[in-house]
Every structure is written in C-alpha cells, then in structure tokens.
Amino acid sequence: MQRAIRLKLTPSPAQAVSLKETSRLFTEAFNQFVRLGWDAGVSNATKLHYLAYYAVRESLPTLNSNLINTARAKAAEAIKSAFALRVQGRTVGRPMSGACPPRYNLHTYKVDWESQTVRMSLVGERQTIRFAVPAYCAHYAGYPVDTADLINRDGVWWLHVVVTVPAPVVEPTDEVIGVDLGLAQPAVTSNNRFLGKRVWKDVEGRLFFLKRKLQRKGTKSAKRHLRKVRGKQARFRRDCDHVLAKQIVQAAEPGATIVLENLTDIRKRSKIRKHTKTSRRVHSWSFAQVKGFVEYKAEERGCTVVAVDPRHTSQTCSCCGHVARNNRRSRGRFVCRVCGFELHADLNAARNIAAKYHASVARRDAGGLSVNQPIVPTSTPLALE
Ligand SMILES: [Zn+2]
2 MQRAIRLKLT PSPAQAVSLK ETSRLFTEAF NQFVRLGWDA GVSNATKLHY LAYYAVRESL
62 PTLNSNLINT ARAKAAEAIK SAFALRVQGR TVGRPMSGAC PPRYNLHTYK VDWESQTVRM
122 SLVGERQTIR FAVPAYCAHY AGYPVDTADL INRDGVWWLH VVVTVPAPVV EPTDEVIGVD
182 LGLAQPAVTS NNRFLGKRVW KDVEGRLFFL KRKLQRKGTK SAKRHLRKVR GKQARFRRDC
242 DHVLAKQIVQ AAEPGATIVL ENLTDIRKRS KIRKHTKTSR RVHSWSFAQV KGFVEYKAEE
302 RGCTVVAVDP RHTSQTCSCC GHVARNNRRS RGRFVCRVCG FELHADLNAA RNIAAKYHAS
362 VARRDAGGLS VNQPIVPTST PLALE
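Position 148 (the sequence shown) corresponds to 149 in our numbering; numbering is contiguous.
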C-alpha cells in the first residue's frame with residue numbers, strides 16, 4: 002500500500018536559494034504549459050509534449066528536463082479538470098499557479114534513509130540535502146519511495162514523499178461494524194460507539210451564516226474575506242473527517258469489515274433526514290472525503306470497507322424488521338410501531354446497515370445475485386495527499 006510522508010528539509014542557505022529558484026522555474030514551466038495547452042485546447046499529456054515541450058525547454062534552459070516533464074504532467078491534469086468543469090457548464094478561466102510544487106521522481110531524486118539525506122536535482126546541479134522525519138510518520142521511513150513534491154510552507158521546505166509499505170498480514174474476521182454517518186452525531190457504530198463531536202455542527206453552522214452574509218454583501222473586501230472563510234471551512238471539514246475516520250477504524254478490530262452507507266448520491270439522504278436546518282451539511286459536506294479517509298486508515302488495520310444502499314436504514318426496526326415512515330424518531334429515539342422496540346435512532350440505523358451487509362453476503366453465498374442491495378466494494382485508496 003502507498004503512504005504519503007513528509008520529510009522536513011534542512012538546507013544550507015545556498016541550497017535554500019536553489020530550492021526557491023527551482024520552485025520558481027517549475028511554476029513558470031507549469032504556467033507556460035497550461036497557457037499553450039489551454040489556447041490550443043489540448044489537455045492530453047502526450048499531445049501537450051509535442052505542442053509545447055521545446056518552447057518551454059528553450060525559455061527555461063536551467064530547469065532539469067525531467068522536472069519540465071513533470072510540470073507538463075501536472076499542467077495536463079490542471080487543464081483536464083478545468084475542461085471537465087466547463088463541460089458541467091461552469092465558467093472557468095485558464096488555471097494559473099502562484100507556486101506549483103515541483104514533482105520529483107526516481108530520475109530526479111534519491112533518498113538515503115541511513116544518512117537522512119536526499120540527493121535531488123536543482124537548478125545548476127544535484128545537491129545533497131539533510132532531512133528529518135517527523136515522529137508521526139517515522140514508522141514509514143525506510144521503505145521504497147515513489148514520487149515526491151517539494152513544498153514550502155511558511156518558509157520551511159518539505160518533501161512530501163510517497164512510499165510503498167507492505168500491507169499488514171491480518172486474517173479477515175467475522176466482525177461486521179455498521180456505521181451511520183449523521184448530522185448532530187457525526188457517526189454511530191453498530192457496536193455502540195458514538196463518534197465525532199456534536200460541536201462540529203455548530204462550527205459548520207456559524208461558517209455557513211458567515212459565508213451567506215459575505216455573499217450578500219458582495220463588496221471587494223467581502224469577497225476576499227469569503228475566500229478565506231471557504232479555505233477555513235475546507236480545512237475544518239478535513240480535520241473533522243480525519244478525526245472521525247480514525248475513530249471509526251479504531252472502533253473495529255483488525256480484520257473486521259466496516260460497512261458504510263453509499264451516500265455518493267447524498268440528496269437521497271436528505272429526504273430521509275427531515276431536519277431542514279441540518280440538511281445543509283448533507284448537501285455540502287463531502288461523503289467522498291470521509292469515505293476515502295476511512296478506507297485509507299482501514300487498510301493499515303487490515304479491515305475491509307464496503308458500502309451498502311442507504312435506503313430505509315433509518316426507517317427500519319432493527320429488532321423486527323418492520324419498515325415504515327412513521328417508525329421514525331422523536332427526539333433522536335427510534336420507536337417501532339409494531340413491536341414497540343425503542344433505541345437511539347442513529348444506533349438503530351447503524352445496526353440496520355450492518356444487517357444489510359450480512360443479508361447481501363447471505364444472498365451471495367446462496368448463489369443469488371444481490372439485485373436490490375448490492376455490496377459495493379470500495380476501491381483501493383492511494384496516498385492521502
Ligand atoms: Zn419492531
């Protein structure tokens with residue numbers, strides 16, 4: 002499995018100048034590729050090479066040719082995603098980067114874990130730079146490296162390196178954990194864990210109203226402020242999703258199966274959840290991100306992640322199986338109209354999610370195709386960043 006780790010570079014003052022100049026030229030190469038590709042309507046990396054390589058090479062003679070090629074690959078990606086947005090009917094201008102992190106590969110850098118140095122191509126010549134491994138990712142140090150991005154954050158140089166680590170040898174167990182992703186309570190598992198923080202919803206709500214206020218104002222400074230708030234919101238959600246994913250995976254034993262609801266078409270869910278005030282989060286908060294984080298962390302623990310159809314999980318009685326809209330909760334409690342079973346509503350949903358998985362496995366083992374409630378095996382995740 003692939004993991005992203007950060008190496009903190011400690012360059013000499015002269016090396017720091019070279020790092021900066023390399024980053025500047027790389028960004029320049031990226032922007033030139035984007036400009037030429039954009040004007041010609043080209044987003045294919047190979048076509049972009051034929052179109053622009055020699056022009057860029059000539060204008061930036063001191064930049065390593067391999068770095069020019071990775072700049073081209075990044076530019077092709079940027080053009081492609083901008084074109085994709087345009088197809089969706091969005092108005093997008095030509096992408097431009099103020100600081101595009103140079104992408105290194107096996108031809109342009111070499112990590113020596115023993116001496117904690119990295120030899121990398123910079124303007125002028127190859128340099129050997131010392132690095133330190135932060136404690137939190139030290140257990141991934143020493144493994145074979147793939148690509149790396151050179152990043153400057155607040156004056157500190159980092160190398161974000163993708164390493165290939167052996168997957169843990171864990172026998173799959175019979176344990177199945179259903180997870181209900183909710184609003185007031187971010188996650189509830191079928192083994193009775195209440196995860197995440199309720200206060201997240203309040204923070205999200207405050208940011209929502211702030212954004213709306215700024216959008217209405219519409220002045221130049223309000224727009225600037227709005228951009229900042231958007232960034233803050235994205236970082237906040239990302240942090241929450243990291244914490245939540247970690248807690249979800251820790252709630253499962255190694256080798257267990259974690260069952261999520263497939264909320265990719267998330268609007269369906271807002272019909273189930275009647276709370277109009279909280280349905281805001283449902284529309285805007287990315288399920289894909291939290292799912293990706295869960296998969297990433299589950300892989301390390303030898304757990305499998307699957308997703309099931311979310312329909313009726315909140316309206317079904319996890320005790321007798323009765324499905325009815327008016328089974329629904331009052332003040333977060335689920336009460337069954339038929340058998341009288343009573344439980345925390347999200348916990349009831351989590352149990353139904355686990356049961357859905359059990360049912361589809363039983364159908365599969367019986368040789369039948371699971372037509373109504375397919376198990377969707379989730380894809381193998383790559384590095385997080
Ligand atoms: Zn019941």
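Idealized CB from N, CA, C, for every residue including glycine. These figures come from a predicted structure and were not determined experimentally.
Can we count residue i as close to ligand 1, meaning its CB is less than 7 Å from some heavy atom?
i: VAL362; result: no
i: CYS340; result: yes
i: HIS345; result: no
i: HIS388; result: Examination of residue 388 is not possible in this model, given that the chain is present from 2 through 386 alone.
i: CYS241; result: no
i: HIS161; result: no
i: CYS337; result: yes
i: CYS138; result: no
i: HIS359; result: no
i: CYS321; result: yes
i: CYS318; result: yes
Among the options, which has the Cα closest to the Cα of residue i?
i: ALA100; options: GLN89, VAL171 and ARG154; result: ARG154
i: VAL324; options: VAL291, PHE342, GLY90 and LYS229; result: PHE342
i: ALA149; options: PRO173, GLU115 and ASN106; result: ASN106
i: ASP347; options: HIS50, GLY293 and GLY179; result: GLY179
i: ARG302; options: ARG131, THR317, VAL170 and LEU68; result: VAL170
i: GLY333; options: LEU184, GLN290, PHE288 and LYS233; result: LEU184
i: ALA77; options: HIS50, LEU86, THR63 and GLN89; result: HIS50
i: GLY294; options: GLY206, ASN65, ILE249 and VAL88; result: At residue 294 the sequence reads Phe, which differs from the Gly that was named. Residue ILE249 is the option with its Cα nearest to PHE294.
i: ALA252; options: THR118, VAL166, ARG58 and SER191; result: SER191
Near residue i, what residues of its chain come up, given a Cβ to Cβ distance below 8 Å and the 5 sequence neighbours on each side ignored?
i: ARG213; result: none
i: LEU211; result: VAL230
i: THR277; result: Residue confidence for THR277 is low, a pLDDT of 43 falling below 50, so the modelled location carries little weight; the figure read from the coordinates is stated next. The answer is none, since no qualifying residue turns up.
Leaving out five residues before and five after residue i in sequence, what residues of the same chain have Cβ atoms less than 7 Å from its Cβ?
i: HIS359; result: VAL177
i: PHE195; result: GLN186 and VAL189
i: HIS161; result: ALA5, ARG7, ALA149, ASP150, ILE152 and GLU386
i: LYS247; result: LYS298
Identify the residues that DSSP records as bridge partners of residue i: which are they?
i: ASP175; result: In DSSP, ASP175 forms no bridge with anything.
i: HIS345; result: ARG334
i: VAL112; result: VAL119
i: GLN128; result: MET121
Which same chain residues end up closer than 6 Å to residue i when comparing Cβ atoms and leaving out the 5 residues on each side of it in sequence?
i: SER13; result: none
i: GLN16; result: GLN128 and ILE130
i: VAL163; result: GLN3, ALA5, ASP147, THR148 and ALA384
### Query
Hey, is the segment 17–24 in contact with the segment 113–126, meaning 3+ C-beta pairs nearer than 8 Å?
yes
### Message
Taking 8 Å as the cut-off, does the segment 133–149 touch the segment 223–232 (at least 3 CB pairs, one atom from each stretch)?
### Response
no
### Task
Check whether the segment 196–207 touches the segment 240–254, counting contact only when three or more Cβ pairs, one atom from each stretch, lie closer than 8 Å.
yes
### Message
Tell me whether the segment 256–267 and the segment 127–143 touch, counting them as touching only if at least three CB pairs, one residue from each stretch, are closer than 8 Å.
### Response
no
### Three-pair Cβ contact test at 8 Å for the segment 29–39 versus the segment 71–87
yes
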